[in-house]
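Residue numbers (the working numbering): 25 to 351.
Presented below is the structure to which this report refers.
Take a look at the structure:
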């Protein structure tokens with residue numbers, strides 16, 4: 025099969041190779057998916073670049089955890105009627121060498137989720153990490169119905185899903201954005217209010233929008249950069265669900281400013297959600313998509329042969345939506 029892979033860490037154009045490798049065979053409990061699209065996430069490019077340090081997990085890595093396609097074969101113990109299903113897949117490359125940047129991927133059957141009618145493969149490839157992260161970040165600290173939720177970075181890949189999920193769950197949603205164009209995106213996703221963090225004082229603006237009350241819950245894209253603002257805006261017994269801190273991985277934390285509020289700080293790691301948390305996310309995503317209420321944003325679809333360029337586009341920033349690789 026055709027695939028992209030790397031055997032050393034480094035720049036995309038240096039370490040990524042596109043060529044032929046053996047097509048996998050599904051093991052017991054697995055399915056073989058003929059991929060149509062592969063989703064790229066920041067964690068994929070960071071891992072390939074060696075951003076976290078350390079060595080390769082496997083001698084050869086086919087990157088990317090998310091994708092969508094058609095089940096072509098099943099391993100022992102998997103119902104034969106799954107063959108032919110259109111599915112979206114997630115966690116494909118988590119603790120395994122072969123991800124979705126290929127024509128085929130074999131993975132546990134539970135990680136290949138039926139794709140509702142009307143949702144295309146490129147849209148399905150957007151789900152995985154962004155949508156499951158957003159779901160747990162919004163719902164992991166309890167129901168948000170009737171509450172005020174602040175989504176930092178509400179036009180990003182995770183943030184756009186988080187805005188939608190919070191709004192669909194009955195919350196009043198405030199989203200921070202970096203431009204009028206991104207404000208329009210967040211509002212299209214259901215945000216009731218937007219704040220331009222490049223132009224406005226986020227803390228003052230959110231307090232004004234809430235009549236000085238602050239917010240009940242925060243979905244946080246860059247904890248180190250925003251921790252002081254988050255601490256100031258949280259109501260008593262509020263919560264922060266942080267899924268990244270790229271600009272400031274190490275930072276000072278005001279324990280008493282946060283702690284006296286009895287607030288909760290949760291770190292969201294989508295790869296290690298419990299089975300129950302995954303089932304809940306999949307059920308909600310399926311319900312919303314079946315009803316036509318969950319929107320996706322495919323920024324670009326780039327052929328597998330140009331995967332290095334796709335990685336560059338994501339690393340360069342400025343992309344609004346998800347980049348997918350067509351397989």
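Every residue, glycine too, gets a C-beta built ideally from N, C-alpha and C.
None of these values were measured; they are calculated from a predicted model.
*Who does residue 263 pair with in a DSSP beta bridge?*
According to DSSP, which records beta bridges pairwise, residue 263 is partnered with 241 and 288.
*Helix, strand or coil for residue 139, going by three-state DSSP, please let me know.*
Coil.
_Range of the contiguous alpha helix (DSSP H) that encloses residue 128_ = Taken as a continuous stretch (DSSP letters only), residue 128 belongs to no alpha helix (DSSP H), being part of the beta strand (DSSP E) at 128-132.
*Would you report the Cα separation of residue 333 and residue 323, rounded to the nearest angstrom?*
Going by the C-alpha atoms only, they are around 14 Å apart.
*Taking C-beta to C-beta, are residue 195 and residue 158 nearer than 7 Å?*
Not in contact: residue 195 and residue 158 (Cβ atoms no closer than 7 Å).
*Candidates 208, 220 and 215, of which the one nearest residue 202 by Cα*: Of the candidates 208, 220 and 215, the residue whose Cα lies closest to the Cα of residue 202 is 220.
*Is the number of C-beta pairs between the region 310-317 and the region 165-172 that are closer than 8 Å three or more?*
With fewer than three CB-CB distances shorter than 8 Å, the region 310-317 does not count as touching the region 165-172.
*Please state if the CB of residue 271 and the CB of residue 254 are separated by a distance shorter than 7 Å.*
Taking 7 Å as the Cβ cut-off, residue 254 and residue 271 do not qualify as a contacting pair.
*Exposure label - residue 291; buried when at least 16 CB within 10 Å*: Looking at its Cβ environment, which holds fewer than 16 other Cβ atoms inside 10 Å, residue 291 is exposed.
_If you follow the beta strand (DSSP E) that residue 44 is in, where does it begin and where does it stop?_
Segment 41-44, the beta strand (DSSP E) holding residue 44.
*asked:* In whole angstroms, give me the CA-to-CA distance for residue 100 and residue 50.
replied: Each residue's CA atom was taken as its position, placing residue 100 and residue 50 some 8 Å apart.
*List the residues that DSSP assigns as beta-bridge partners of residue 81.*
Paired residue(s): none; residue 81 is not in a bridge.
*May I ask you to list the residues that DSSP assigns as paired with residue 58?*
Beta-bridge pairing links residue 58 to 94 and 128.
*Range covered by the beta strand (DSSP E) that runs through residue 27*: Residue 27: member of the beta strand (DSSP E) spanning 26-29, first to last residue.
_Residue closest to residue 310, alpha-carbon to alpha-carbon, out of 151, 257 and 121_ = Of the listed residues, the one whose Cα sits closest to residue 310 is 151.
*Starting from residue 198, trace the alpha helix (DSSP H) both ways and give me its first and last residue.*
Counting along the chain, residue 198 falls outside any alpha helix (DSSP H), though it belongs to the beta strand (DSSP E) covering 196-201.
_Buried or exposed, going by whether 16 or more other CB atoms sit within 10 Å of the CB of residue 128?_
Counting Cβ neighbours within 10 Å, residue 128 comes out buried, since at least 16 surround it.
*May I have the straight-line CA-CA distance separating residue 260 from residue 191, to the nearest angstrom?*
So the alpha carbons of these two residues sit roughly 22 Å apart.
*Same chain, Cβ closer than 7 Å to residue 336, neighbours up to 5 away in sequence not counted*: If we look at residue 336 and ignore the five residues flanking it on each side, its Cβ neighbours are 36.
*Nearest-angstrom Cα distance between residue 45 and residue 343?*
About 31 Å.
_Checking the sheet assignment: what are the DSSP bridge partners for residue 364?_
The structure shown does not extend to residue 364, since the chain spans only 25 to 351, so no value can be given for it.
*Cβ of residue 40 within 7 Å of Cβ of residue 351?*
For residue 40 and residue 351, no; Cβs fall outside 7 Å.
_Contact between the region 102-119 and the region 132-148 (3+ Cβ pairs under 8 Å)_ = Output reads yes: the region 132-148 touches the region 102-119.
*For residue 224, does the three-state DSSP call read helix, strand or coil?*
Residue state, collapsed to three classes: coil.
*Less than 8 Å between the CB atoms is what I'm expecting for residue 124 and residue 90, so what's the real figure, rounded?*
That pair is a contact at about 6 Å.
*Check whether the Cβ atoms of residue 215 and residue 199 sit closer than 7 Å, and answer yes or no.*
In contact: residue 215 and residue 199 (Cβ atoms closer than 7 Å).
*Flag this pair as yes or no: are the beta carbons of residue 183 and residue 175 separated by less than 7 Å?*
The answer is yes: Cβ separation under 7 Å.
_Buried or exposed by the 16-neighbour rule on C-beta atoms within 10 Å, applied to residue 206_ = Counting other Cβ atoms within 10 Å of its Cβ, residue 206 reaches 16 or more and is therefore classed as buried.
*Return the first residue and the last residue of the alpha helix (DSSP H) that residue 304 is part of.*
Where residue 304 is concerned, the enclosing alpha helix (DSSP H) stretches over 299-314.
*Backbone secondary structure at residue 63 - three-state DSSP*: In this structure, residue 63 counts as strand in the three-state DSSP scheme.
*Under the rule that 16 or more other beta-carbon atoms within 10 Å means buried, what is residue 177, buried or exposed?*
When all chains shown are included, residue 177 counts as buried.
*Whole angstroms is fine: what's the gap from residue 29's alpha carbon to residue 85's?*
A direct Cα-Cα distance of roughly 5 Å separates residue 29 from residue 85.
*State the beta-bridge partners of residue 110 as determined by DSSP.*
According to DSSP, which records beta bridges pairwise, residue 110 is partnered with 94.
*asked:* Along the chain, where does the beta strand (DSSP E) containing residue 255 start, and where does it finish?
replied: For residue 255, there is no enclosing beta strand (DSSP E); the enclosing alpha helix (DSSP H) has its first and last residue at 247-257.
*Look at the alpha carbon of residue 132 and the alpha carbon of residue 116, and state the distance between them as a whole number of angstroms.*
Rounded to the nearest whole angstrom, the C-alpha separation of residue 132 and residue 116 is 9 Å.
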